[in-house]
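These notes are about the structure you will find just below.
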Amino acid sequence: MKIHFLGTGTSAGVPMIGCACNVCTSPDPRDRRDRCSVLITWDDPALRVDEKHLAVNPEQAHRRQVLIDTSPDLRHQAIGARLSRVDAVMVTHAHADHVFGLDDLRRFTASMDGPLEVYAEPPVHEALGRMFEHIFQPHRNVNNSFVASLTPLALTTGSAVNLYGATWTPVRLMHGRLPIHGFRVDHGSTSLAYCTDVSSIPPESYPLLQDLDLLVIDALRPRHHPTHLSTDQALDIIHELQPKRAYLTHLAHDESHADLSARLPDHVEPAYDGLTVAMP
Ligand SMILES: [Zn+2]
Ligand SMILES: [Zn+2]
Ligand SMILES: [Zn+2]
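The sequence shown: position 68 = 1161 (the working numbering), numbered continuously.
Listed below in structure tokens is the structure:
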């Protein structure tokens, strides 16, 4: 199993429009932070993908690919990762920086020539239905040829979904007062959890976040924020959960990758766009 960081930035992205700070003008490519999204992949020897996908990226052969969130930067994230197919999409919550790229899934459903399953909890599906009427109320469209074909499927907190040999468990997180989902993914003997946009973890979620090989967690900035963890709050949670390794994401422009990396413990790193981490 691998995790591919497509975007690791906060809602405005880094650089931010209209900001001339040291991080927004940094020449270090690791300081460019698109809106948050990851791709989780694992091998499935039984999978046979069409030649046209191998032409885009031969690494897609025998590889299951599940996208978490569809950021407004999805188009160039997918092109950068040479991604032409995904097996499913998991949605954490319906904030604009996590879902406004949903329309671009039409390129995947076109190239895969079939519908794509989108997993989210019911209130998120309701919000997506309002935002993307042209997708979810296709009878109102004049022409449906250019619209994503998406199948909404409901997630229940704590109830695992089995996808092509990997087990996905939605984990309740609090994003300010908004309940959202993080995901624990188990494949073979390896496990990871992706917890973006979190300001606190309810006690009942702690058992679902034990014995992780890798934890990805929101760490917006050094200063406190009402709906995101600060760097120190994220480090406290990492200390409590004891994953083998941890990566920080949803990063604002307050610190450069190099400065943040230098002050973190050895097993914790800032994630950056384009980073791929393989499970042991
Ligand atoms: Zn966000
Ligand atoms: Zn800035
Ligand atoms: Zn959010």
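For every residue, glycine included, the Cβ atom is placed at its ideal position computed from N, Cα and C.
Predicted model only: the values in this text are computed from it and were never measured.
By the 16-neighbour rule on beta-carbons within 10 angstroms, E1297 is exposed.
The secondary-structure analysis by DSSP pairs M1094 with nothing; it has no beta-bridge partner.
Per DSSP, P1358 is not a residue of any beta strand (DSSP E), being assigned neither H nor E. Per DSSP, the unbroken beta strand (DSSP E) holding F1276 starts and ends at L1271 to H1280.
Not one heavy atom of ligand 3 lies closer than 8 Å to the C-beta of I1310. The stretch 1345-1361 makes contact with the stretch 1103-1111; the number of CB pairs closer than 8 Å reaches 3 or more. For E1214, the number of other beta carbons within 10 angstroms of its own is at least 16, and it is reported as buried. Distances between the C-beta of S1293 and the heavy atoms of ligand 1 are all 8 Å or more. For L1266, there is no enclosing alpha helix (DSSP H); the enclosing beta strand (DSSP E) covers residues A1259 to H1268. Shortest Cα-Cα distance from L1147 to any of I1161, S1204 and F1239 involves S1204. Partner residues in the beta bridge of I1133, as assigned by DSSP, are I1096 and V1159.
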